[in-house]
Amino acid sequence: MKRCGLFAEKTPGVEITRACSAEDLRAAYGLVHEVFVERGYCTPKEHGMRLRVFEATAEMATFVAKSKGRVVGVLSVVGDTQDCGLPSDRAFKPELDALREQLPEGGFCEWSNQVVASNFRKTNVPTELMRCAAAHVIKAGYSHSIISVSAVHGGFYDLLGFKQIGPERSYSKEIDDPVVAFCLPSALYLAPDAHEDELAGFVRRFMATENPYLAKIDTW
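The opening residue of the sequence shown carries number 0 in numbering that gives the first Met the number 0; numbering runs sequentially from there.
Pasting the structure below:
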């Protein structure tokens, strides 16, 4: 993964930031719509954006990668709320409700809207956006992060410390979109485990102790 660029120091000409303007948010959700339609994850919408109730909540933080002013990567973090729940409730509500019983209200979140333009997928753009998400989770005090992804990507998320909590199910009721639910406890990144090996230590430093975005979250 280092050789293919996922853990490179930087991608020249790419700026990683939080989407705060309406223009950047439109571009972000437009890219999500474009990639999801291309992959068959959703049906085309006239407005050309992937918009759900979560995109309109104060608990949603969306991070983007921009190249020459164009959004080329997106990753959102949405906090769990009593009114809206989480996006993955549509497929994994029993598993998420079991987690809710163990945690204080609003104690966990979901990583969503994860897309990268095709010509930036073999760069560090995906992992830099994940570092933004991890920094936001740590600063916001979420104890656990949920993510629903295709089973073929499970090995990568296992590398980052996520563990499977739900079997393969369709994320959508309209089309067949098989995904698996994973969960990451924030504590994994906050302190070294007594049995931490070299790989786990690298991931913890990359995602937390040496994460440059921790210093930017409050400003963003």
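Built from N, CA and C at the ideal position, the CB exists for glycine as well.
Within 7 Å, strictly: CB atoms of His143 and Phe201: Stepping through the sequence shown from its first residue, residue 143 is reached at position 144. Stepping through the sequence shown from its first residue, residue 201 is reached at position 202. Against a cut-off of 7 Å, the Cβ pair of Phe201 and His143 comes out as no contact.
Provide the residue(s) that pair with Ala60 in DSSP beta bridges, ordered along the chain. Taking the sequence shown and counting its residues from 1, one reaches residue 60 at position 61. Ala60 is bridged to Val76.
The beta strand (DSSP E) with Glu167 in it runs from where to where? One-based indexing of the sequence shown puts residue 167 at position 168. Segment 162-169, the beta strand (DSSP E) holding Glu167.
Roughly how many whole angstroms lie between the Cα atoms of Leu95 and Glu14? The sequence position of residue 95 within the sequence shown is 96, counting from 1. The sequence position of residue 14 within the sequence shown is 15, counting from 1. The alpha-carbon atoms of Leu95 and Glu14 are separated by roughly 34 Å.
Considering Cα atoms alone, identify which of Phe53, Glu37, Arg203 is closest to Ser117. The sequence position of residue 117 within the sequence shown is 118, counting from 1. Nearest of Phe53, Glu37, Arg203 to Ser117, Cα basis: Glu37.
Integer-rounded CB distance, given that Phe62 should sit under 8 Å from Leu223: The structure shown does not extend to residue 223, since the chain is modelled only from 0 through 219, so no value can be given for it.
Any chance the segment 75-90 sits against the segment 120-129, with 3 or more Cβ pairs inside 8 Å? no
So what's Gly47 in DSSP terms, helix, strand or just coil? Numbered from 1 along the sequence shown, position 48 holds the residue referred to as residue 47. Correct three-state label for Gly47: coil.
What do you get for Ile146, buried or exposed, if any count of 16 or more other CB atoms within 10 angstroms of its CB means buried? By 1-based counting over the sequence shown, the position of residue 146 is 147. Buried.
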